[in-house]
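>
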Ligand code: SF4
């Protein structure tokens with residue numbers, strides 16, 4: 053499963069685009085295909101966006117060109133819309149009511165339907181990303197304040213959206229009524245900051261003020277900040293996978309420390325699956341916190357049994373057949389000196405297709421491990437996500453069609469256990485377990501997926517060369 057996107061916004065700071073750049077650096081784990089920043093200065097918008105990592109897209113000249121005291125930024129992994137330059141966010145438009153820029157994390161579940169309607173009415177689309185429908189809807193709404201236009205437009209879209217956007221005088225942040233994806237508000241000196249995760253606030257030295265609530269819209273202007281609760285539903289459905297895997301462990305998500313929640317998952321795993329072993333090891337980095345929790349609860353020592361190579365790029369040339377299992381070993385390499393002859397518990401955050409787990413177990417056996425117990429700090433993934441996470445089709449999700457015993461046999465482990473859904477939810481302290489989306493674990497989608505199998509923005513693409 054791939055991360056979706058990260059968004060960031062600053063209002064009221066002379067170095068707005070530099071702060072935005074740093075914020076995107078901290079959010080790089082949420083999207084590595086493209087990055088972009090739009091800044092605003094005295095009614096003018098300045099745009100830099102390109103394919104690549106944040107460090108590849110921006111240099112000092114490009115950052116200097118992004119003038120002004122307000123800026124929004126985006127890092128993207130394509131969930132809706134293919135991986136092309138025309139789909140890089142933030143998106144912007146000149147409407148009859150002025151300029152508008154938007155960066156979106158999530159996935160609109162009725163975008164195909166709206167796209168068809170808007171096209172019939174003559175809308176000219178420039179991209180194949182779902183976010184563009186919001187720009188078109190807002191452009192059609194005339195003679196009203198930005199807040200009113202925004203709220204009317206938000207009532208038309210469905211699905212998952214944490215948005216940052218701006219016009220010439222205002223920065224706004226919006227979370228969808230279910231609160232699928234996170235969005236936080238911070239403060240740096242007199243400037244306001246919006247970010248997908250608090251790790252981006254930490255990097256720029258901004259304080260964490262609070263979460264944007266599900267169904268809330270904040271509008272920030274020179275006069276201050278205004279909050280509008282534009283929609284209220286009885287129970288939010290925040291993505292539990294942010295805590296399982298997506299968010300950084302140093303972030304606070306839904307007002308909970310991600311590292312602490314993952315450790316609690318590990319302790320819950322130890323309760324559900326007590327195992328005899330010499331060592332607990334993690335699949336780094338996302339399995340680290342849960343493995344520590346398991347070790348703490350079980351008393352079995354934690355060891356760094358696998359080394360991660362942090363310096364590989366996104367692509368590498370596959371060598372010849374003589375270097376087998378290269379792609380697994382280049383990222384993670386078992387430390388034979390620690391593992392040889394040992395019985396180990398391997399903790400990972402999730403198991404999706406099973407192919408990577410299988411290759412890792414081959415590598416651990418080659419390193420001389422005697423017995424391998426695999427424990428997963430989340431339930432089996434049985435259904436795809438429609439709320440902004442790139443998941444394989446049902447048929448490629450191994451738990452969709454194999455039992456736990458069959459998966460264990462397939463990956464070649466001595467035993468396999470998945471944290472139960474109730475174990476996972478009760479490990480998240482202080483939040484109602486009903487306030488989480490768990491659809492990829494139980495197929496209970498909180499909202500109807502109107503676009504599923506009916507519409508696709510990709511079915512009618514413009515071929516940019
Ligand atoms: S389906 Fe899974 S990944 Fe998607 S929002 Fe729900 S919990 Fe998160």
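Numbering (this note's numbering), first residue to last: 53 to 517. Yeah, the Cβ is synthetic: ideal placement off N, Cα and C, and Gly gets one too.
(1) Let's see if you can read the secondary structure: which residues bound the alpha helix (DSSP H) around residue 389?
(2) By the 10 Å Cβ neighbour count, where 16 or more other Cβ atoms means buried, how is residue 95 classified, buried or exposed?
(3) Taking the DSSP output, what are the residues bridged to residue 100?
(4) Tell me whether residue 126 sits in a helix, a strand or coil according to DSSP, three-state version.
(5) Name the residue from 166, 146, 105, 275 whose alpha carbon lies nearest to the alpha carbon of residue 186.
(6) In terms of alpha-carbon separation, which member of 248, 161, 247 lies closest to residue 209?
(7) Among the candidates 442, 205, 59, 297, whose CA atom is the shortest distance from the CA of residue 246?
(8) Report the option in 465, 430, 406, 442 whose CA atom is closest to the CA atom of residue 416.
(9) Whose C-alpha, out of 401, 101, 334, is nearest the C-alpha of residue 10?
(10) Just to confirm the assignment, what range does the beta strand (DSSP E) spanning residue 278 have?
(11) For a quick check, are the C-beta atoms of residue 141 and residue 92 less than 9 Å apart?
(12) Can you tell me which residues fall inside 6 Å of the ligand SF4, judged by beta-carbon distance to its nearest heavy atom, and keep chain order?
(13) Using only the alpha-carbon positions, how far apart do residue 439 and residue 57 sit?
(14) What runs of the alpha helix (DSSP H), each 4 residues or longer, lie entirely inside the region 185-213?
(15) Buried or exposed: residue 418, going by 16 or more other Cβ atoms within 10 Å of its Cβ?
(16) Whose CA, out of 120, 183, 71, lies closest to the CA of residue 106?
(17) Is there contact here, the region 234-244 with the region 172-186, by at least three beta-carbon pairs under 8 Å?
(18) What residue ranges within the region 149-183 form continuous alpha helix (DSSP H) runs of no fewer than 4 residues, ordered along the chain?
(19) Hey, how far is the Cα of residue 482 from the Cα of residue 287?
(20) Leaving out five residues on either side along the sequence, give the residues of the same chain with a beta carbon under 7 Å from the beta carbon of residue 66.
(21) Ignore the nearest five residues each way along the sequence and tell me which others in residue 393's own chain have a CB closer than 7 Å to its CB.
(22) Can you find a heavy atom of the ligand FAD that lies under 8 Å from the Cβ of residue 167?
(23) Which class does residue 63 belong to by DSSP, given the choice of helix, strand or coil?
(24) In the DSSP assignment, the alpha helix (DSSP H) including residue 146 goes from what residue to what residue?
(25) For the region 391-405 against the region 442-452, are there 3 or more C-beta pairs whose distance is under 8 Å?
(26) Count Cβ pairs between the region 316-323 and the region 337-345 that sit closer than 8 Å; are there 3 or more?
(27) Suppose the cutoff is 7 Å on Cβ atoms and the five residues either side in sequence are ignored; what does the same chain contact list for residue 424 look like?
(28) Over what stretch of residues does the beta strand (DSSP E) that includes residue 470 continue unbroken?
(29) Suppose you measure from the CA of residue 382 to the CA of residue 302; what does that come to, to the nearest Å?
(30) Between the C-alpha atoms of residue 180 and residue 164, what's the straight-line distance to the nearest angstrom?
(31) With a cut-off of 8 Å, do at least 3 Cβ pairs link the region 148-158 to the region 122-129?
(32) Does the distance from the C-beta atom of residue 489 to that of residue 435 stay below 9 Å?
(33) Whose C-beta lies closer than 6 Å to the C-beta of residue 426 among residues of the same chain, with five residues either side of it excluded?
(34) Taking DSSP's pairing of strands, which residues face residue 237 in a bridge?
(35) Looking at the unbroken beta strand (DSSP E) that takes in residue 317, where does it start and where does it end?
According to the data block:
(1) Element bounds for residue 389: 388-391.
(2) Using a 10 angstroms sphere on the CB of residue 95, the tally of other CB atoms stays under 16, which defines it as exposed.
(3) Per DSSP, 89.
(4) In the displayed model, residue 126 falls within a strand according to three-state DSSP.
(5) A check of alpha carbon separations from residue 186 across 166, 146, 105, 275 identifies 166 as the nearest.
(6) Looking at the Cα atoms, 161 is the closest of the given residues.
(7) Considering only alpha carbons, the answer is 59.
(8) Checking every option, the nearest Cα to that of residue 416 belongs to 465.
(9) The shown model of the chain, from 53 to 517, leaves out residue 10, and the question about it has no answer.
(10) Segment 276-281, the beta strand (DSSP E) holding residue 278.
(11) Taking 9 Å as the cut-off, the beta carbon of residue 141 is found no closer than this to the beta carbon of residue 92.
(12) That query returns the following residues: 232, 291, 292, 293, 437, 439, 441, 489, 490, 491, 492.
(13) Each residue's alpha carbon lies about 12 Å from the other.
(14) Listed in chain order, the complete alpha helix (DSSP H) runs (minimum 4 residues) inside the region 185-213 are 198-206.
(15) Answer is exposed; the Cβ neighbour count stays below 16.
(16) Of 120, 183, 71, the smallest CA-CA separation from residue 106 is found for 71.
(17) Cβ pair count under 8 Å is below three, so no.
(18) DSSP runs (the alpha helix (DSSP H)) wholly in the region 149-183: 163-172.
(19) Whole-angstrom Cα-Cα distance: 15 Å.
(20) The beta carbon of residue 66 lies closer than 7 Å to those of 121 in the same chain, with the five residues before and after it left out.
(21) Taking residue 393 as the centre and dropping the five residues before and after it, the same chain places the C-beta of 420, 422 closer than 7 Å to its C-beta, in chain order.
(22) Looking for the ligand FAD in the displayed structure turns up nothing; the ligands present are the ligand SF4.
(23) DSSP places residue 63 in strand when its eight states are reduced to three.
(24) Per DSSP, residue 146 belongs to no alpha helix (DSSP H); it is in the beta strand (DSSP E), 143-147.
(25) Yes, since at least three Cβ pairs between the region 391-405 and the region 442-452 fall closer than 8 Å, the two stretches touch.
(26) Yes, since at least three Cβ pairs between the region 316-323 and the region 337-345 fall closer than 8 Å, the two stretches touch.
(27) 396, 398, 413, 416, 465, 466.
(28) DSSP places residue 470 in the uninterrupted beta strand (DSSP E) bounded by 467-470.
(29) Cα-Cα distance, rounded: 26 Å.
(30) Those two C-alpha atoms are separated by around 10 Å.
(31) The answer is yes - the region 122-129 touches the region 148-158, with three or more Cβ pairs under 8 Å.
(32) No. Outside cutoff.
(33) Closer than 6 Å at Cβ, skipping near neighbours: 398, 465, 468.
(34) In the DSSP output, where bridge partners are listed per residue, residue 237 has 246, 262.
(35) Residue 317 -> not in any beta strand (DSSP E); alpha helix (DSSP H) instead, spanning 310-324.
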